[in-house]
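Asks: Numbering (the working numbering), first residue to last: 1004 to 1152.
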Amino acid sequence: MENVLVKQFLDSCHNAKRITELMPKLPKGMTPRHIHVIDAISVIGRSEAVVRVSDISEYFNVTRPSITKMVNELDDMGAVRKVPDPDDRRVVRVSLTDLGQQYYDFYITKYHSWVAEQMDGMDPEHLRITIDTIDQVYRILSTRKMEED
């Protein structure tokens, strides 16, 4: 693979991150990552009776402490409710509050619909190829570590 092409790809990945930062102004203290966690809670909640912190960390394939921190911040903001599992006090159940559902409805449902409208003239196959490419590169790089000199 040519270095120039790799640089262009990495520059595009940076632009992709910047796209997520174009969403409407978030409430004070909230980040796009918080919205992503709210989305995950909603998605997991549609298929599972209970959403646990461990379910969210598995959904993102990240460590539990990082998700615990995000969930605690969302709890402090009033967007999620944490409840200890009655059968195992070490397990924390997470659900969206009414405010969290309002954030989901606006920043996920409404914003994603708006973005879809803006992209209406694009060939959907280009988007599918982009998604597949980013996922493949992530899978490749996440399983390998560069040797440091």
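Glycine included, C-beta positions come from ideal geometry on N, C-alpha and C.
Since residue 1027 contacts residue 1107 with CB under 8 Å, what's their CB separation in whole angstroms?
Replies: The Cβ separation is near 14 Å, so there is no contact.
Asks: Identify whether residue 1084 lies in helix, strand or coil by the three-state DSSP scheme.
Replies: Looking at residue 1084 - three-state DSSP - the assignment turns out to be strand.
Asks: In chain order, what are the residue ranges of uninterrupted alpha helix (DSSP H) at least 4 long that sit wholly in the stretch 1048-1119?
Replies: Whole alpha helix (DSSP H) segments, 4+ residues: 1056-1063, 1067-1080 and 1101-1106.
Asks: Would you give the residue range spanned by the alpha helix (DSSP H) that residue 1133 belongs to?
Replies: Taken as a continuous stretch (DSSP letters only), the alpha helix (DSSP H) holding residue 1133 covers 1127-1145.
Asks: Would you say the stretch 1055-1065 touches the stretch 1084-1100, given that touching needs at least three Cβ pairs under 8 Å?
Replies: Output reads yes: the stretch 1084-1100 touches the stretch 1055-1065.
Asks: Would you check if the distance between the CB atom of residue 1037 and the CB atom of residue 1061 is smaller than 9 Å?
Replies: No, the Cβ-Cβ distance between residue 1037 and residue 1061 is not below 9 Å.
Asks: On a Cα-Cα basis, can you pick out the residue from 1006, 1100 and 1022 that is closest to residue 1080?
Replies: Looking at the Cα atoms, 1100 is the closest of the given residues.
Asks: Taking 6 Å as the limit between beta carbons, can you name the residues of its chain near residue 1084, skipping five residues before and five after?
Replies: Cβ neighbours of residue 1084 beyond the five flanking positions: 1098 and 1100.
Asks: Looking at residue 1082 and residue 1102, is the spacing between their C-beta atoms short of 9 Å?
Replies: Their beta carbons are under 9 Å apart, which means residue 1102 touches residue 1082 by this criterion.
Asks: As a quick exercise: from 1040, 1030, 1063 and 1029, pick the residue whose alpha carbon is nearest that of residue 1141.
Replies: Among 1040, 1030, 1063 and 1029, the Cα nearest to that of residue 1141 is on 1063.
Asks: Do residue 1040 and residue 1004 have their C-beta atoms closer together than 9 Å?
Replies: No; because the gap between Cβ atoms is not below 9 Å, this pair is not in contact.
Asks: When burial is assigned at 16 or more other CB atoms within 10 Å of the CB, is residue 1069 buried or exposed?
Replies: It counts as exposed.
Asks: How many whole angstroms separate the CB atoms of residue 1134 and residue 1042, which I take to be in contact at a CB cut-off of 8 Å?
Replies: So it is not a contact: roughly 16 Å between Cβ atoms.
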